[in-house]
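Numbering (the UniProt record's numbering), first residue to last: 1 to 343.
From the three backbone atoms N, C-alpha and C, an ideal C-beta is built for every residue, glycine too.
Here the structure is a predicted model, which means the values were calculated and not measured.
For reference, the structure is listed below as structure tokens.
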Ligand SMILES: NC(=O)c1ccc[n+]([C@@H]2O[C@H](COP(=O)([O-])OP(=O)(O)OC[C@H]3O[C@@H](n4cnc5c(N)ncnc54)[C@H](OP(=O)(O)O)[C@@H]3O)[C@@H](O)[C@H]2O)c1
């Protein structure tokens, strides 16, 4: 077989504010790969089936001089993200042709993996869609599941406020909170997202663009848990409407992702006066502790229809640049994924 073009998503230009769908990430087919003869050097050759597109990618699209908790992507190189791929060739005794692997892979149609650290084989006995393993049964689902176990300290009858409640993390949190008997207030940015949040159990679901978060929290609060995905003004309002001893779980600050990240907090005094706990959550801290429990529990619950979940699906790596902008602007209705191949 002769070499074929291997489409990849390259970090082309660091954005100043929102990424530009045409110039920040570009789809490139200049590299070729020979699927039969390219050397594996003890590794595996995989074909990508699905990639996740997540809000945190925005933070890695920066110049390396700007320091952060994660590395900047290298200009001119493919970006990486969570993916499920099928093994086409293997020189690793632990991995067989036809098996499926999940990991943090370069956005390319095909790639050779030499180091399998952090790569997980997915058997998918439950028969759910492979894409689910990058969303509700992948990193975003884990974020909700791990954070809930580690930090929520939920008690039946308490009230939680969840932002971006229609996304993969928020919708999982809503469902976990309902299972534990909490009253759930949830916000999102469109009427269809509001309907979805009601369908999965939110007691109070509202569109923060058309209704006042302040009024909603005044009427339905105070809140015992604030699950924060947005930061900014909403965080300030949650501080005002917090109950004594409330837990603030800081998971995302998306209102600042495209504006330099500076978000002054005005109502910090409530932390002292109400004895609040503010806890940062990073999903990567809990893989060893809760990873097996997650995989033993969540795919089965998805297969049985006990956990509801939406996907916002695009096809082909050409869609990556636009899809990232959709996620950062809230135009995704459900977990953003790119299907690269069906099998
Ligand atoms: N700490 C961790 O380990 C970790 C891991 C995974 C995710 N996260 C964070 O968790 C949050 C949710 O992630 P996800 O994967 O579930 O994302 P998602 O909900 O699929 O997508 C992000 C959503 O944020 C909302 N949004 C965008 N700009 C906004 C703004 N200016 N103000 C308010 N909302 C805005 C949009 O929904 P609306 O239509 O509702 O506005 C958009 O759909 C993100 O902040 C992400 O960075 C953190």
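Q. Applying the criterion that 16 or more other CB atoms from any shown protein chain within 10 Å of the CB defines a buried residue, is residue 131 buried or exposed?
A. As a working note, residue 131 is residue 131 in the chain shown. Answer is buried; the Cβ neighbour count reaches 16.
Q: Buried or exposed for residue 118, please, with buried defined as at least 16 other CB atoms from any protein chain shown within 10 angstroms of its CB.
A: For the purposes of this step, residue 118 is identified with residue 118 of the chain shown, where counting begins at 1. Per the 10 Å Cβ criterion, exposed.
Q: Would you tell me roughly how many angstroms separate the C-alpha atoms of residue 2 and residue 35, rounded to the nearest one?
A: Here the question's residue 2 lines up with position 2 in the chain shown. Here the question's residue 35 lines up with position 35 in the chain shown. Between residue 2 and residue 35, the C-alpha separation is close to 8 Å.
Q.
Can you check which of these residues, 298, 340, 311 and 243, is closest to residue 126 by C-alpha distance?
A. As a first step, residue 126 is located in the chain shown; it is residue number 126 there, counting from the start. Out of 298, 340, 311 and 243, 298 has the C-alpha closest to the C-alpha of residue 126.
Q | At least 3 beta-carbon pairs within less than 8 Å: the region 141 to 157 vs the region 316 to 323 | A | no
Q) Hey, how far is the Cα of residue 95 from the Cα of residue 40? A) The residue labelled residue 95 in the question sits at position 95 within the chain shown. The residue labelled residue 40 in the question sits at position 40 within the chain shown. Between residue 95 and residue 40, the C-alpha separation is close to 13 Å.
Q | The alpha helix (DSSP H) enclosing residue 34, as first and last residue numbers | A | Here residue 34 corresponds to residue number 34 of the chain shown, with the count starting at 1. Per DSSP, residue 34 belongs to no alpha helix (DSSP H) and is neither H nor E.
**Q.** the region 96 to 113 contacting the region 287 to 302, beta-carbon criterion three pairs below 8 Å
**A.** no
**Q.** Distance between residue 139 and residue 186 (C-alpha atoms, nearest Å)
**A.** Locating residue 186 in the chain shown gives position 186, where the first residue counts as 1. Locating residue 139 in the chain shown gives position 139, where the first residue counts as 1. Approximately 21 Å between the Cα atoms of the pair.
Q: Use the C-beta contact count for residue 262: other C-beta atoms within 10 angstroms, 16 or more gives buried, fewer gives exposed.
A: For the purposes of this step, residue 262 is taken as residue 262 along the chain shown, with counting starting at 1. Per the 10 Å Cβ criterion, exposed.
Q: With a 10 Å radius around its C-beta and 16 neighbouring C-beta atoms as the bar for buried, classify residue 54 as buried or exposed.
A: As a working mapping, residue 54 is identified with position 54 in the chain shown. Residue 54 is buried by the Cβ-count criterion.
(Q) Residues in the same chain with beta-carbon distance under 6 Å from residue 279, minus the five sequence neighbours each way, listed in chain order, please. (A) Numbered from 1 along the chain shown, position 279 holds the residue referred to as residue 279. The answer, listed in chain order, is 151 and 249.
Q. From 201, 149 and 242, pick the residue whose C-alpha is nearest to that of residue 395; which is it?
A. The requested residue 395 does not occur in the structure, where the chain is confined to residues 1 to 343.
Q: Taking residue 220 as part of the alpha helix (DSSP H), name the residues at either end of that continuous run.
A: Residue numbering aside, residue 220 sits at position 220 when the chain shown is read from its first letter. That run of the alpha helix (DSSP H) goes 213 to 220.
Q) Would you report the Cα separation of residue 20 and residue 337, rounded to the nearest angstrom? A) Working through the chain shown from its first residue, we reach residue 20 at position 20. Working through the chain shown from its first residue, we reach residue 337 at position 337. Each residue's alpha carbon lies about 19 Å from the other.
**Q.** From 120, 208, 201 and 252, residue whose alpha carbon lies closest to that of residue 147
**A.** Position 147 of the chain shown, counting from 1, holds the residue named residue 147. Answer by Cα proximity: 252.
**Q.** Any non-hydrogen atom of ligand 1 within 7 Å of residue 344 CB
**A.** Examination of residue 344 is not possible in this model, given that the chain is present from 1 through 343 alone.
Q | Given residue 200 as reference, the closest of 310, 343 and 47 once Cα atoms are compared | A | Residue mapping note: residue 200 aligns to position 200 of the chain shown, counting from 1. It is 310.
**Q.** Any alpha helix (DSSP H) of 4 or more consecutive residues that is wholly inside the region 76 to 152
**A.** 139 to 147
Q) Between residue 122 and residue 49, what straight-line distance do the alpha-carbon atoms span, to the nearest angstrom? A) For the purposes of this step, residue 122 is identified with residue 122 of the chain shown, where counting begins at 1. For the purposes of this step, residue 49 is identified with residue 49 of the chain shown, where counting begins at 1. Computed Cα separation, rounded: 13 Å.
Q: Determine the DSSP secondary structure at residue 206, reduced to helix, strand or coil.
A: Here residue 206 corresponds to residue number 206 of the chain shown, with the count starting at 1. Here residue 206 sits in strand by DSSP.
**Q.** Cβ shell of residue 302 (< 8 Å), same chain only, five flanking positions each side left out
**A.** The sequence position of residue 302 within the chain shown is 302, counting from 1. Answer for residue 302: 126, 128, 132, 136, 137 and 309, listed in chain order.
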